[in-house]
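K.L.:
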Amino acid sequence: MKIVNASFIIEDEINADDMLKKIEKAGRTCYKSEDRTTPDSAKDFIRMIVKSGHESVIEHEKITVRFICDRGVTHEIVRHRLASYSQESTRYCNYSKDKYDNQVTFIKPIFWDENSENYKIWERACLEAEKLYIELVNNGATPQEARSVLPNSVKTEIVVTANLREWRTILKQRTSSRAHPQMQEVMRPLLNSLKEALPVVFEEINY
């Protein structure tokens with residue numbers, strides 16, 4: 172059994188200047204104010220657009236993020252409709268094979284200390300699930316059949332592509348104190364990274 176921390180990778184090379192200029196070019200069509208475009212006008216224009224609630228304009232750009240998290244988190248992520256998803260499939264991935272080091276990988280729960288009794292109970296449950304999964308596969312079960320004994324804590328990877336407006340919606344909801352702790356674990360540092368890369372789009376979102 173392998174235990175790893177949740178994480179994320181921004182798959183795109185974010186070129187803020189190019190993205191903002193493309194959004195400005197599209198947005199100024201609404202007002203036919205193209206003549207007011209300058210080399211430095213994009214940030215102020217987009218800040219005005221976002222502040223006014225005219226967020227459909229920022230849908231012209233997108234970002235792709237790869238999340239390494241547990242399956243419980245992905246069940247919540249995919250509830251956001253305006254995005255594209257590609258996820259590691261337990262139907263086809265056979266974790267008893269050498270490719271996966273003949274073991275199941277689990278995401279470490281953020282809410283229990285490793286020395287706590289609850290963590291030890293969780294660890295025993297994962298060990299037992301892995302044992303039974305491999306036993307089923309060795310007994311002729313297919314991965315899609317054997318996966319029925321795997322818990323939400325199983326590590327998965329999901330690639331999410333969404334436009335900037337949808338990312339704003341996702342991050343507002345999934346970084347709040349009401350979000351699941353393991354959702355906050357990946358979404359809060361993602362928000363911090365996107366604030367740094369595209370402050371004009373994400374700067375006023377806080378948790």
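Numbering (this note's numbering), first residue to last: 172 to 378.
Idealized CB from N, CA, C, for every residue including glycine.
Since the structure is predicted, the reported quantities are computational estimates derived from the model, not experimental observations.
In this structure, how does DSSP classify residue 309 when only helix, strand and coil are distinguished?
P.N.:
Helix, per DSSP.
K.L.:
Do residue 278 and residue 177 come within 9 Å of each other at the CB atom, strictly closer than that value?
P.N.:
In this structure, residue 278 lies closer than 9 Å to residue 177 by Cβ.
K.L.:
Let me know the secondary structure DSSP gives residue 328 once reduced to three states.
P.N.:
Note: residue 328 maps to strand in three-state DSSP.
K.L.:
Between residue 234 and residue 365, is the Cβ-Cβ spacing less than 9 Å?
P.N.:
Yes, these two residues count as a Cβ contact at 9 Å.
K.L.:
Taking the straight line between their C-alpha atoms, what separation do you get for residue 239 and residue 287?
P.N.:
Each residue's Cα considered, the two are about 24 Å apart.
K.L.:
Whose CA, out of 376, 198, 328, 185, lies closest to the CA of residue 226?
P.N.:
The residue with the shortest Cα to Cα distance from residue 226 is 198.
K.L.:
Give me the residue from 181, 172, 173, 205 with the minimum Cα distance to residue 360.
P.N.:
Of 181, 172, 173, 205, the residue nearest in Cα terms is 181.
K.L.:
Measure the CB-CB distance between residue 346 and residue 376 and report whether it falls below 9 Å.
P.N.:
Against a cut-off of 9 Å, the Cβ pair of residue 376 and residue 346 comes out as a contact.
K.L.:
What are the start and end residues of the beta strand (DSSP E) that includes residue 175?
P.N.:
173-175 is the span of the beta strand (DSSP E), which, as asked, contains residue 175.
K.L.:
Compute the Euclidean distance between the alpha carbons of residue 330 and residue 237, then round it to the nearest angstrom.
P.N.:
Spanning the two alpha carbons is a distance of roughly 4 Å.
K.L.:
Which residue marks the beginning of the alpha helix (DSSP H) containing residue 236, and which one marks its end?
P.N.:
Where residue 236 is concerned, there is no enclosing alpha helix (DSSP H), although the beta strand (DSSP E) it sits in stretches over 233-241.
K.L.:
Apart from the five residues just before and just after residue 323, which ones in its own chain have a Cβ nearer than 7 Å to its Cβ?
P.N.:
Hits under 7 Å: 241, 242, 243.
K.L.:
Determine the closest residue to residue 336 out of 188, 220, 214, with distance taken between C-alpha atoms.
P.N.:
Per the Cα distances, 220.
K.L.:
Considering only residues of the segment 183-238, which uninterrupted beta strand (DSSP E) runs meet the minimum length of 3 residues and lie entirely inside it, listed in chain order?
P.N.:
List check, beta strand (DSSP E) in window: nothing returned.
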